[in-house]
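Engineer: Numbering (the numbering used here), first residue to last: 510 to 576. For every residue, glycine included, the Cβ atom is placed at its ideal position computed from N, Cα and C.
1) Would the beta-carbon of residue 546 fall within 8 Å of that of residue 535?
2) Where do the N-terminal and C-terminal ends of the alpha helix (DSSP H) with residue 544 fall, by residue?
3) Please report the distance separating the alpha-carbon of residue 561 from that of residue 550.
4) Report yes if the C-beta distance between residue 528 and residue 537 is below 8 Å; otherwise report no.
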């Protein structure tokens with residue numbers, strides 16, 4: 510009987526994380542508030558997306574005049 514198990518493929522460079530995920534997390538402290546840097550980055554990206562959704566105008570349908 511033959512074994513079908515093979516060695517796992519090496520990870521692709523495009524799927525590699527930009528930081529070392531095996532280390533300890535980095536935290537910021539403000540009084541009683543403690544937040545990880547990773548979560549702070551996610552919150553900042555969401556806030557930017559929200560502000561852009563408010564600022565960027567919706568596309569308007571063209572009227573009869575083509576304007």
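Structural biologist: Taking the coordinates as given:
1) The Cβ-Cβ distance between residue 546 and residue 535 falls below 8 Å.
2) Here residue 544 belongs to no alpha helix (DSSP H); instead the beta strand (DSSP E) covers 542-545.
3) Rounded to the nearest angstrom, the gap between the Cα atoms of residue 561 and residue 550 is 17 Å.
4) Taking 8 Å as the Cβ cut-off, residue 528 and residue 537 do not qualify as a contacting pair.
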